[in-house]
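Under the numbering used here, the first residue of the sequence shown carries the number 9, and numbering increases by one thereafter.
The next block holds one structure in the form of structure tokens; read it before the comments.
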Amino acid sequence: KAQRKNLDLSHEAAVGKIAEEEIRYIMARGFSEDEAVGMIIRGFLSLDIKGLPEGLARETKRMFEMTLDKVM
Numbered sequence: 009k010a011q012r013k014n015l016d017l018s019h020e021a022a023v024g025k026i027a028e029e030e031i032r033y034i035m036a037r038g039f040s041e042d043e044a045v046g047m048i049i050r051g052f053l054s055l056d057i058k059g060l061p062e063g064l065a066r067e068t069k070r071m072f073e074m075t076l077d078k079v080m
């Protein structure tokens, strides 16, 4: 965690295989396997940066979605 004046940054990450039970849980609700995996990845990588100007937040989210769509 880093702090400087009004800036407060933190980072937490976990690396590992997506649990099969999580995928099955989502698929049981009518989603395909690809959709289930995509939901889990999007949830893990979701960007919520407090104080980011609205326009920049929208553009960052748009670029993230485009990148993820190419990977999936």
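Note that the Cβ used here is the ideal one computed from N, Cα and C, for glycine as well.
Residue range of the unbroken alpha helix (DSSP H) whose run includes residue i
i     : result
ILE34 : 28-35
GLY38 : Element bounds for GLY38: n/a, residue is neither H nor E.
Residues near residue i by beta carbon distance below 6 Å, same chain, minus five either side
i     : result
LEU76 : none
Classification of residue i by the beta-carbon crowding that lies within 10 angstroms, buried from 16 upward
i     : result
ALA44 : buried
Residue i versus the options, residue with shortest Cα-Cα distance
i     : options                    : result
LYS25 : ALA36, PHE52, SER40, MET35 : PHE52
ILE48 : GLU67, GLY38, GLU30, MET74 : GLU30
Neighbourhood of residue i by C-beta, 7 Å cutoff - its chain only, sequence neighbours within 5 removed
i     : result
MET35 : GLU41, ALA44
ILE59 : Per the sequence presented here, residue 59 reads as Gly, with Ile not at that position. Hits under 7 Å: none found.
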